[in-house]
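One structure below.
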Amino acid sequence: MKPWRLAAAALYRAGYVLHHKLCLKPGRPLAHARLIVVGSYLAGGAGKTPFCIWLASFLASRNGDGENAQPPRIAILCHSKAKDEAELLGQKLPFARVATTQNRYIAAHALDRHFDYIICDDGFEDSRLAGATTIRLDWGEGSTAKIPNKWSDLIPAGKYRSLFCDHGEAALVLRCGNDPALDNANVYYLIEGVKNNRDKSILENARAKEATVLCAIGDPRRFVEDLERFGVKPRRVKKRPDHDSRFESALARELRSGRPVVITEKDAVKVATKFLQSANLYIARQKVVVSEQIQQKIAYL
């Protein structure tokens, strides 16, 4: 490992500890809404946004008891830098209020009396969110060998934003996986289709083996594995920064090649309609499968 990465991780850790001590002291719990934080030790690519979509849909389906029971009012908070995630949440969850903010604590209190549930898409490290129910998504971090417990595990030396010692016990720890045949998981992330705007599967395209994957997400490697498991084996994989503001320009260049291009749903929200109408652009649709046991636990959180 390059020495500068270790030095940067040490500086990151010092800044993290100081910032929490001075600026992120525990605040007041909400008075009305149930606050749920969906987080992970991972700096990105844990599947928080897809899980929030599933979680909000699950909670909305539970109308309560009695003849006059109403669907719960749900709000979702995203960081203002993650506008693509907020846009995707808004498209998938028209019944929910999706808000972007730089301060989840202030935003949650502002929305408190208007909603029954406030879900934070990330915010795992925000210690101001007192009284929150935390759902932690683990991709092996729960095992003793992979628990992040030293500063060299932190970005950019490692792949984590915080350490085990920084957090209390999560209300629910979910074992995540993407291969039901191998993973001992209770939450699975699977590709359910890769289609263009004409509803044609890429598997029907004679040039599918020439496909390029273009993605600007936290864990491109796992996305490619998911595609291969679905049956798409791309010839090229081009990675862009997460929340990439120049994604559309990169996509336009790829489409000019005439080869099929596969992107994620999150990246698709950054793209103008004229590109989405291209027969060579395929969007991979993801689904989250949650075990019955975990559904029951979430219902009684």
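Numbering follows numbering that gives the first Met the number 0, with no gaps: position 200 of the sequence shown is 199.
Don't be surprised by glycine CBs; every beta carbon is placed ideally from N, CA and C.
Bear in mind the structure is a predicted one, so any value in this text is a computation, not a measurement.
For residue i, three-class secondary structure by DSSP
i             : result
alanine 98    : strand
lysine 91     : helix
aspartate 198 : coil
glutamate 191 : strand
glycine 230   : coil
valine 223    : helix
tyrosine 299  : coil
leucine 250   : helix
leucine 181   : coil
leucine 173   : strand
leucine 54    : helix
leucine 128   : coil
lysine 145    : helix
Beta-carbon proximity of residue i to residue j, cut-off 8 angstroms
i              : j                 : result
isoleucine 216 : aspartate 241     : yes
aspartate 225  : tyrosine 187      : no
asparagine 185 : glutamine 292     : yes
isoleucine 73  : alanine 59        : yes
aspartate 165  : valine 37         : no
proline 259    : isoleucine 201    : yes
isoleucine 52  : leucine 92        : yes
aspartate 115  : alanine 32        : yes
isoleucine 118 : alanine 42        : no
alanine 131    : leucine 34        : yes
valine 261     : proline 233       : yes
lysine 208     : isoleucine 282    : no
leucine 254    : phenylalanine 229 : no
serine 161     : glutamate 124     : yes
threonine 263  : arginine 235      : no
proline 28     : alanine 129       : yes
glutamine 295  : phenylalanine 57  : no
arginine 197   : alanine 278       : yes
leucine 280    : arginine 239      : no
Environment of residue i [buried if 16+ CB atoms lie within 10 Å]
i                 : result
glutamine 276     : exposed
serine 126        : buried
phenylalanine 163 : exposed
lysine 265        : buried
leucine 136       : buried
glutamate 84      : buried
histidine 78      : buried
proline 179       : exposed
tyrosine 104      : buried
glutamate 140     : buried
glycine 167       : exposed
arginine 174      : buried
phenylalanine 94  : exposed
serine 39         : buried
proline 71        : buried
tryptophan 150    : buried
threonine 272     : exposed
leucine 153       : buried
glycine 257       : exposed
The alpha helix (DSSP H) enclosing residue i, as first and last residue numbers
i            : result
alanine 208  : Note that residue 208 is lysine in the sequence shown here, rather than alanine. Counting along the chain, lysine 208 falls outside any alpha helix (DSSP H), and DSSP gives it neither H nor E.
cysteine 22  : 2-22
cysteine 164 : First-last for cysteine 164: undefined, no H or E at that position.
lysine 273   : 272-275
Short CB-CB distance (under 8 angstroms) between residue i and chain D
i           : result
leucine 250 : Protein chain content of the structure displayed is limited to a single chain, and chain D is not contained in it.
Extent of the continuous beta strand (DSSP E) to which residue i belongs
i              : result
cysteine 77    : 73-78
aspartate 266  : It is not in any beta strand (DSSP E) - aspartate 266 instead sits in the alpha helix (DSSP H) that spans 264-267.
glycine 139    : Run containing glycine 139: none; DSSP gives neither H nor E here.
valine 289     : 280-289
isoleucine 154 : No beta strand (DSSP E) holds isoleucine 154; DSSP gives it neither H nor E.
arginine 103   : Arginine 103 -> not in any beta strand (DSSP E); alpha helix (DSSP H) instead, spanning 103-110.
leucine 34     : 33-38
isoleucine 117 : 116-120
arginine 235   : 235-238
Any non-hydrogen atom of the ligand ADP within 7 angstroms of residue i CB
i              : result
isoleucine 118 : This structure lacks the ligand ADP; in fact it carries no ligand of any kind.
Check whether the segment 244-262 and the segment 3-15 touch, using three or more Cβ-Cβ pairs below 8 angstroms as the test.
no
The segment 96-112 touching the segment 142-157, judged by at least three CB pairs closer than 8 angstroms
no
Counting Cβ pairs closer than 8 angstroms, one from the segment 204-219 and one from the segment 43-61, do we hit at least three?
yes
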